[in-house]
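Colleague:
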Amino acid sequence: MPAAEPEVVLEREVPAPQRNRRAGSRAAATDAAGLGRARAVGFVAPALVLIGVFLVFPALWTIYIGVTDYQLTGAAAAAPKVVGLANFLSALNDGLFHNAVWLTVLFVLGSAVIGQNLLGFALAWLLRGVRPWLRRTVESMVLLSWILPSTVVAYLWFAVLDRNGGTLNALLGTPGTAWLVTYPMASLIVFNTWRGTAFSMLLYTSALAAVPPSQLETARLVGASGWQTVRDVVFPHIRGHVLTNTLLISLWTANDFTPFLLTAGGPNHASETLPVFIYRQALEGGQLGYASAVSLLLLLGNLLVALVYLRLLRRRG
Amino acid sequence: MTRGPAWMLRRIAFYVLIAVLLAFFAIPMLWLASAPFDTKPGLGIRWPDWTTGNITATFRHPYALTSLVNSLVLCLIATAVTTAFATLAAYALSRVRIPGRDLLLYLLLLLSSVVTGTAAMVPIFVMMFQLGLINSQFGTALVISGGMLPAAIFILKDFMDAVPRSYEESARVFGASSRQVLAHVVLPVSRPGIATILVWAFVNAWGNFLLPFLLLRDVSQQPAAVLLRTLQDEGGSANLTVIPVFSLLYSIPVVVLYLVVNKRYGFRFHGGIKGG
């Protein structure tokens, strides 16, 4: 098992991406059970049907709905008309859409690129040297915050951030501060850092195992500080992991619906990231066509990030 | 080697830092331990004034138990479909050179990250609406499976690629039919991989909020994830007698699965879904 690959099976991540791709495929393709091509196609078909109906078709249909004036109720619900690029043009002029894009960028930069990335690395780096029981304790807390259902997690953070009797106000001695109302984006960023750091921690833990101990020892002997060691010895070894990790967590964070559970986009759109914006336009505003056009932009963004990610994997493999 | 005061200070700073990080992750979770058993549960943490009244109240709530059963039904269908279909597909893709296989695998990998529940919520909602499948648990479970399948196939295929073919070959040499090889050789050998997908799919489906929230509008059909959200403004304010106990009940399966997996394999799976 190449230590460079994360050993965990992670959400929507391929555990050993295309390792030894060519050699592996050929050896693996031996049809040892005598399945035969026809039956093999039969084995793959049920999964492909479900994926086709519930994933590929909706993705393609987004394009069509996005060029219509389809609405949830009213005349345009019964007979939607094709309006061409009108939805995209109105998005360009929609202050709320600009706001949503900006907040999504802020959310991704703050909680994923900076928050989860740095905290995940810090945890992986610091926990190398501590006693096993302490390491296990910290790691299980980080992992629990990752696997608890999102609706439960939302209440946990209501209890932290509540105006009356919230834990944060008790700790800071700031009674009466309604964090989710006064600082909604900052709260969401801290929240999502807490929520998602586990992935980066796991990934960096396995990446750090690939740094040759002899180089770390040399750095220690020449008296390099912790920061110098990280920058000059560790970073060159894990550069690829930093990049893939950043791409993945950015993609997930940009598509995260949990902000809806905490602030529902409020107050007054101050925390309305793109997923929440899409939901509110479609289900609360009934503007299905317009919401679809915006979804398409999000899908294209995802596609771009995913293509870069796959390209990196292929180059490394 | 002399260890001066500077070294001591650094050690102290180090452990203070670890303690702060531990507190950051642990403190939000304390609420789940205290509020369910407090006579006056609130949003905030305090040492509980012990009672079991909240538990009784939760069990009396008209939809609390129903929604947990709904969660179970939804989850079992989604997990069974995902695991069965992914196993079949992964095996065939691992062993047989179907034309276009590499392209198919590439597209699956791409799909698994590009088409997220949030990006596709509008067409999924419209499609299920037009098919008359709003409020159908079975339909919702299938949508959840569709979303999980690409990643599940990929993880399993990778696993099956690592299983030696010699077992299957020897069984064939001894005259076993394809069906016998699959049932008595391939399935037992790939059990750990299948178990991983089973747990992964269950935890993902159990925590999924967005899709049931969109597609199951009738409260009697809703799983725990959605009901817990509804309790927030039931009758105008949060129902704090029921919410903490219910949150705890709803979290137990995930925590138990985490402990089991952690004990058996070390932590190798991910639960918790982000945004569908």
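Heads up: the sequence lines are chains Y and R, in that order.
Quick note: the first sequence uses our numbering, first residue 1, plus one each step.
Quick note: the second sequence uses our numbering, first residue 1001, plus one each step.
No residue lacks a Cβ here, since even glycine has one placed at the ideal position from N, Cα and C.
(1) Figure out for me which residue from R/Leu-1009, R/Leu-1030 and R/Ile-1012 has the closest Cα to the Cα of Y/Leu-168.
(2) According to the Cβ coordinates, are R/Leu-1074 and R/Ala-1205 closer than 8 Å?
(3) In chain order, what residues of the same chain have a beta carbon less than 8 Å from the beta carbon of R/Ala-1084, not counting five sequence neighbours either side?
(4) Nearest by alpha-carbon distance to Y/Gln-287: which of Y/Val-67, Y/Val-56, Y/Gly-34 and Y/Ala-47 is it?
(5) Could you give the first and the last residue of the continuous alpha helix (DSSP H) run that contains R/Asp-1102?
(6) If you draw a straight line from the alpha carbon of Y/Gln-18 to that of Y/Ala-219, how long is it in whole angstroms?
(7) Give me the residue from R/Ala-1141, R/Ala-1090 and R/Leu-1228 with the minimum Cα distance to R/Leu-1248.
(8) Taking DSSP as the reference, what is the three-state secondary structure of R/Trp-1047?
(9) Identify whether Y/Asp-69 lies in helix, strand or coil by the three-state DSSP scheme.
(10) Since R/Met-1160 and R/Ser-1190 are thought to touch, with beta carbons under 8 Å apart, how far apart are those beta carbons, to the nearest angstrom?
(11) I'd like to check one pair, Y/Arg-195 with Y/Val-160: are the Cβ atoms closer than 8 Å?
(12) Can a CB atom of chain Y be found closer than 8 Å to the CB of R/Trp-1007?
(13) Output the boundary residues of the alpha helix (DSSP H) element that contains R/Phe-1037.
(14) Tell me, to the nearest whole angstrom, how far the beta carbon of R/Val-1199 is from that of R/Val-1254; I am working on the premise that it is less than 8 Å.
(15) Where does the unbroken alpha helix (DSSP H) through R/Tyr-1167 begin, and where does it stop?
(16) Tell me whether the beta-carbon of Y/Leu-251 lies closer than 8 Å to the beta-carbon of Y/Asn-302.
(17) Kindly examine the ligand MG and report whether one of its heavy atoms sits closer than 7 Å to the Cβ of Y/Arg-131.
(18) Can you list the residues of chain Y that R/Pro-1150 reaches, using a CB-CB cut of under 8 Å?
(19) Please classify Y/Val-82: does DSSP put it in a helix, a strand, or coil?
(20) Could you check the C-alpha separation between R/His-1061 and Y/Leu-262 for me, to the nearest Å?
(21) For R/Ala-1078, tell me which candidate among R/Gln-1130, R/Val-1242 and R/Thr-1140 has the shortest Cα-Cα distance.
(22) In chain order, what residues of the same chain have a beta carbon less than 6 Å from the beta carbon of Y/Phe-191, not counting five sequence neighbours either side?
(23) So is R/Lys-1157 buried or exposed if we call it buried at 16+ other beta carbons inside 10 Å?
(24) Can you list the residues of chain R that Y/Asp-31 reaches, using a CB-CB cut of under 7 Å?
(25) Using a Cβ-Cβ distance under 8 Å, would Y/Tyr-204 count as near chain R?
(26) Helix, strand or coil: how does DSSP classify Y/Ala-100 here?
(27) Pull up the distance between the alpha-carbon of R/Asn-1054 and that of Y/Arg-280, whole angstroms please.
(28) For Y/Glu-217, which three-state DSSP category applies?
(29) So with CB distances below 7 Å, who are the chain Y contacts of R/Leu-1182?
(30) Output the boundary residues of the alpha helix (DSSP H) element that contains Y/Asn-169.
(31) Between the beta-carbon of R/Ala-1119 and the beta-carbon of Y/Ser-295, is there less than 8 Å?
(32) In angstroms, rounded to a whole number, what distance separates the CA positions of Y/Pro-6 and R/Val-1016?
(33) What is the residue span of the alpha helix (DSSP H) that Y/Gly-42 lies within?
(34) Quick one: does R/Phe-1174 have its CB under 8 Å from some CB of chain Y?
(35) From Y/Gly-84 to Y/Ala-45, what distance separates their C-alpha atoms?
(36) Give every residue of the same chain whose Cβ lies closer than 8 Å to the Cβ of Y/Phe-235, excluding the five residues on either side of it in the sequence, and list them in chain order.
Modeller: Walking through what the data contain:
(1) Y/Leu-168 has its Cα closest to that of R/Leu-1030, out of R/Leu-1009, R/Leu-1030 and R/Ile-1012.
(2) Yes, these two residues count as a Cβ contact at 8 Å.
(3) So no residue of the chain qualifies.
(4) If we check each option's Cα against that of Y/Gln-287, Y/Val-67 comes out closest.
(5) Residues 1101 to 1114.
(6) Residue confidence is low: Y/Gln-18 scores 39 on pLDDT, short of 50, so the model does not pin down where it sits. Its coordinate-derived value is still stated next. Each residue's alpha carbon lies about 34 Å from the other.
(7) Cα-wise, what sits closest to R/Leu-1248 is R/Leu-1228.
(8) It is coil, neither helix nor strand.
(9) Note: Y/Asp-69 maps to coil in three-state DSSP.
(10) Yes, R/Met-1160 and R/Ser-1190 are in contact; Cβ-Cβ is about 6 Å, under 8 Å.
(11) In this structure, the beta-carbon distance from Y/Val-160 to Y/Arg-195 does not fall below 8 Å.
(12) The beta-carbon of R/Trp-1007 is placed no less than 8 Å from the nearest beta-carbon of chain Y.
(13) Bounds of any alpha helix (DSSP H) do not take in R/Phe-1037, whose DSSP letter is neither H nor E.
(14) About 10 Å; that fails the 8 Å criterion.
(15) Membership of R/Tyr-1167 in the alpha helix (DSSP H) is indicated by the continuous run 1166 to 1173.
(16) Using a Cβ distance threshold of 8 Å, Y/Leu-251 and Y/Asn-302 count as a contacting pair.
(17) This structure lacks the ligand MG, and indeed carries no ligand of any kind.
(18) Correct list: Ile-51 and Leu-55.
(19) Strand, per DSSP.
(20) Computed Cα separation, rounded: 24 Å.
(21) R/Ala-1078 has its Cα closest to that of R/Thr-1140, out of R/Gln-1130, R/Val-1242 and R/Thr-1140.
(22) In the same chain as Y/Phe-191, and ignoring 5 residues on each side of it, the C-beta atoms closer than 6 Å to its own belong to Trp-157, in chain order.
(23) A residue is called buried when at least 16 other Cβ atoms come within 10 angstroms of its Cβ; R/Lys-1157 meets this threshold and is buried.
(24) Within chain R, the residues placing a beta-carbon under 7 Å from that of Y/Asp-31 are Arg-1095 and Val-1096, ordered along the chain.
(25) Chain R, which has no Cβ nearer than 8 Å to the Cβ of Y/Tyr-204, makes this no.
(26) DSSP places Y/Ala-100 in helix when its eight states are reduced to three.
(27) Take the alpha-carbon of R/Asn-1054 and the one of Y/Arg-280: they are about 34 Å apart.
(28) Correct three-state label for Y/Glu-217: helix.
(29) Correct list: Ala-33.
(30) Secondary structure note for Y/Asn-169: its alpha helix (DSSP H) is the uninterrupted segment 167 to 172.
(31) Using a Cβ distance threshold of 8 Å, R/Ala-1119 and Y/Ser-295 count as a contacting pair.
(32) The predicted model places Y/Pro-6 with a pLDDT of 33, which falls under 50 and marks its position as unreliable, so this point remains unresolved.
(33) Y/Gly-42 -> alpha helix (DSSP H) spans 37 to 51.
(34) It does not: the Cβ of R/Phe-1174 has no partner Cβ on chain Y nearer than 8 Å.
(35) Each residue's alpha carbon lies about 35 Å from the other.
(36) Leaving aside the five residues that flank Y/Phe-235 on each side, the residues in its chain whose CB is nearer than 8 Å to its CB run, in chain order, Val-242.
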